[in-house]
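Numbering (the numbering used here), first residue to last: -8 to 169.
Just so you know, even glycine gets a beta-carbon here, dropped at the ideal spot from N, CA and C.
Computed from a predicted structure; not experimentally measured.
See structure below.
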Amino acid sequence: MQANNQRLTIGISELHERARAIALLLLDVDGILTDGRLYFSNSGEEMKTFHTLDGQGIRFALDAGIGVGIITGRESTLVTQRCKDLGINIIYQGVSDKSRVLDQICAEHNLSTEAIAYAGDDAPDVPVLERVGLAASVPAGHRCALEAAHMITAAQGGSGAVREIIDFILASQGKLTY
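Structure follows, in structure tokens:
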């Protein structure tokens, strides 16, 4: 399974092999779960938009036994609420060293980095993208993240990119039921 405009930096067979080993998908927020833009109301309140395709995909992943978590550099009560709504319990916000958090998650969940997929779009994500079993980014990602990724989704962040990654993992594991 490969989307029409999806770009791969490794062969499709290797990508499927990597996806079969995934037990946990970790996500950056801004630029991956959202379009990367920061919205503020007149009163200074932050606003974010999330795509329902991504939310449904996260539910499908969790139902299939694949964990989902968040590692993001920003703090947001909106992210906390969205994670609660979706059943995501692994939430790290305000993170400056994402690689250190990856080590912590691996230790807490007894997982190797090969069992983890990560989606990120910018320089703070590169140390994690370079270490995980399956590294993904989005077309609007910074060049450094695109170069570190194994796959680049056809969909933009905040527009179904997470669902695309999840569908690929589920299909590779024989768990895609739709």
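For residue i and residue j, I'd like the C-alpha separation in whole angstroms.
i	j	result
L69	K39	7 Å
A10	Q72	28 Å
R154	E8	19 Å
D45	A52	10 Å
T25	G60	15 Å
G151	G22	11 Å
V86	I62	7 Å
C74	R65	14 Å
L102	L18	16 Å
F41	G2	31 Å
How many whole angstroms separate the CB atoms of residue i and residue j, which I take to be in contact at a CB cut-off of 8 Å?
i	j	result
L125	A136	Going by Cβ atoms, the distance from L125 to A136 rounds to 14 Å, so no, they are not a contact pair.
I143	Q(-3)	7 Å
L167	H100	No, L167 and H100 are not in contact; Cβ-Cβ is about 24 Å, not under 8 Å.
In the DSSP assignment, find the unbroken beta strand (DSSP E) run with residue i in it and report its ends.
i	result
L125	125 to 128
L44	Note, L44: premise wrong, no beta strand (DSSP E); alpha helix (DSSP H) at 43 to 54.
Closer than 7 Å by C-beta to residue i: which residues in its own chain qualify, once you throw out the five before and the five after it? Chain order, please.
i	result
A140	T0, L120, A126, A127, S128
E105	A12, G124
Return the residue from the list the options that minimises the CA-CA distance to residue i.
i	options	result
K174	N80, S103, A114	Absent from the structure is residue 174, since the part of the chain shown begins at -8 and ends at 169.
G165	A55, G22, D76, I23	A55
I160	L6, G27, C97	L6
I81	I3, H133, G58, P130	G58
D158	F41, G149, Q47, I107	Q47
R50	G35, A98, S34, L77	L77
Within 7 Å (strictly less), CB to CB, does residue i reach chain C?
i	result
H100	Absent from the structure: chain C. Only one protein chain is present.
Between residue i and the rest of its own chain, which residues show a CB-CB distance below 8 Å, the 5 nearest in sequence each way excluded?
i	result
V117	G111, C135, A136, A139
G27	D21, D112, A131, G148, G149
Does the distance between the C-beta of residue i and the nearest non-hydrogen atom of the ligand GDP fall short of 6 Å?
i	result
I62	Absent from the structure shown: the ligand GDP. Ligands present: none.
Note the first and the last residue of the continuous alpha helix (DSSP H) segment covering residue i.
i	result
L137	134 to 139
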